[in-house]
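Shown next, in structure tokens, is the structure this report addresses.
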Amino acid sequence: MKILILVLFGLTYLGVVLFPGRKTAVMLSGALSVILAKVFFSPHESLCATHVFQSIFDAVKAINWNVIGIFWGMLYLTGIFVYSKVPLLLADKIIEHARTVGMAILAVCVFASLVSAFVENVATVMIVAPIALSLCKQLHLSPVPFLIGIAISSNLQGTATLIGDPPSMILAGVKQMSFNDFFIYQGKPGIFWAVQLGAVVSFLVLAWLFRSYRQSVGGIQKEAVLSWAPTWLLLFMIVALAVSPLFDPESRFLGGMICSVFGLGALLWYHVERHCDWRATQAFWKEYADWETLLFLIGIFVVVESLKDAGLIDDAAKWMVSEIRGNLFLAYSLIVWGSVALSAVVDNVPYITAMIPLCQAVSANMGISDNVLVFGLLIGACLGGNITPVGAAANVVSIGILKRNGYETSFGEFVKIGLPFTAAATFASYIFVWLLWA
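The sequence shown begins at 268 in the numbering used here and counts up one residue at a time.
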């Protein structure tokens, strides 16, 4: 069964790489394949109605409905944000203080990283993407490299705080860390500062990658804002997301509910703004509905969960531990860089959940604190998702936004930016954590 699931997983991801234009169909086919594999080839169950329904239920349960809710709600909230023309105003302000296009987009990426320290990464991408799209539209440039930059920048800073990303919340729950512990932990600089060092180095990489965009950004036509109401809705939603971990510390449902409610509010506001014109509202709903990305996300969750159910994630983690042999630096290096490699193709939430107990067990056997290993795990697992377009939900969403705006993004095009960015950020954070916590 394990071999079958591994083969199906490999074929699915290979299909995504080879056929990027049909990646949703490929991913859904992979999801259906692993469900059928569990139905017909499970060694512990006979083929009966109960087993079939259980397999379907497991697949539905594997879907992260919190992320789906965030994505769906943000489609319409960002839709009215664009309609209000506030992104154009923000783009103009950035342009005013940037001498070149490369500097302007780098400033947008830094802005995205700051927002994502306090807001879930998918929501961050959908908040900031309209600004970059507006900027590129005014300057007649392809937004592909810039949307990739925004996605990986948001993934980076999501690790910095307790409320930025689910893996941080999971680690905080296991180690009973407070919000402040991410800044100062046991009298030493915490994870936040490791991420900031990585951010500085990785943004230098982005600056180098964007160095060829030396066009002047002057002479952009100013546009009047139609309404500030969408901006206020967006700000209220950010505040709601920032405080939601107090009521939903494991980020299971509340973020999705908040974004869905605000998304419905956005549709209602647009309907009233257009004088209750149902045709206009229906056209708006269709314009911003991104079913392809939504279904792709659902497929990813089902396929990745099949790896966990088959025990393949546990097997990979145990193999890493078996190679350690009492060498702390080797253990730390394997965990960080192994996590980077695995998280490039595997969702980091189930992976980090499986690995934390193993890191703690290794630390206990060595008679040391588990801080250095679990902090290294968090950095490697979260930053590794920046390498490929399927490594993190924020990446998938950014590719979907680009496609909806008429731009195709290849696997190699994403890796060309994501790999050097990830290597620089991870190496800097890797050294920082080792020097402080080893």
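All C-beta atoms in this analysis are idealised placements derived from N, C-alpha and C, irrespective of residue type, glycine included.
**OP:** Give the straight-line distance between the Cα atoms of L476 and Y537, rounded to the nearest whole angstrom.
**Re:** 39 Å
**OP:** Can you tell me the Cβ-Cβ gap for V462 and L423, rounded? I've got them flagged as a contact below 8 Å.
**Re:** 7 Å
Subject >> Cα-Cα separation, I272 to V301 >> reply: If I take the Cα positions, the gap works out to 6 Å.
**OP:** Please classify K455: does DSSP put it in a helix, a strand, or coil?
**Re:** strand
**OP:** Could you tell me how far apart the beta carbons of G336 and M524 are, in whole angstroms, since I believe they sit closer than 8 Å?
**Re:** 6 Å
**OP:** Would you list the residues sitting across from S483 in a DSSP beta bridge?
**Re:** The partner list for S483 (beta bridge, DSSP) reads T367.
Original post:
Who are the Cβ neighbours of I654 in its own chain at under 7 Å, not counting the five residues just before and after it?
Top reply: A611, V682, G685, L686 and T689
**OP:** Measure the alpha-carbon distance for A466 versus A379 and round it to whole angstroms.
**Re:** 12 Å
Original post:
Which value, in whole angstroms, describes the spacing of the CA atoms of T560 and A631?
Top reply: 43 Å
Original post:
Leaving out five residues before and five after E590 in sequence, what residues of the same chain have Cβ atoms less than 8 Å from its Cβ?
Top reply: L597 and L601
**OP:** Would you mind stating whether G522 and N333 have Cβ atoms separated by less than 7 Å?
**Re:** Taking 7 Å as the cut-off, the Cβ atoms of G522 and N333 count as close.
**OP:** Classify A491 as helix, strand or coil using the three-state DSSP reduction.
**Re:** coil
Subject >> Span of the alpha helix (DSSP H), counted from its first residue to its last, around C543 >> reply: That residue, C543, is in no alpha helix (DSSP H); it is neither H nor E in DSSP.
**OP:** Note down the Cα distance separating V472 from A691, rounded to an integer number of angstroms.
**Re:** 7 Å
**OP:** Identify whether S351 lies in helix, strand or coil by the three-state DSSP scheme.
**Re:** In the structure shown, the three-state DSSP call for S351 is coil.
Original post:
Is V392 closer than 7 Å to A577 when the C-beta atoms are compared?
Top reply: no
Original post:
Going by beta carbon distance, what residues of the same chain come within less than 8 Å of D544, once the five residues before and after it are set aside?
Top reply: H538
**OP:** Pick out whichever of F563, C526 and Q405 has its Cα sitting closest to the Cα of S483.
**Re:** Q405
Subject >> Delimiting residues of the alpha helix (DSSP H) encompassing R671 >> reply: A660 to R671
Subject >> Environment of N710 [buried if 16+ CB atoms lie within 10 Å] >> reply: Outside the displayed span of the chain (268 to 705) sits residue 710, for which this structure offers no information.
Subject >> Whole-angstrom C-beta distance between L414 and A399, which should lie under 8 Å >> reply: 6 Å
**OP:** Could you spell out the range, first to last residue, of the alpha helix (DSSP H) harbouring D576?
**Re:** W558 to A577 is the span of the alpha helix (DSSP H), which, as asked, contains D576.
Original post:
When the Cα atoms are used, what is the spatial distance from L703 to S421?
Top reply: Straight across, the Cα-Cα distance linking L703 with S421 is about 25 Å.
Subject >> Nonlocal neighbours in the same chain, by C-beta distance under 8 Å from K455, ignoring five residues either side >> reply: L703 and W704
Original post:
Within this structure, are the beta carbons of V570 and T279 separated by less than 7 Å?
Top reply: yes
**OP:** For F568, I'd like the list of residues in its chain whose CB is within less than 6 Å of its CB, leaving aside the five on either flank, ordered along the chain.
**Re:** A329, I330 and N331
Original post:
What residue does the alpha helix (DSSP H) around Q405 start on, and which one ends it?
Top reply: N388 to L406
Subject >> Beta carbon of L355 nearer than 7 Å to that of S401 >> reply: yes
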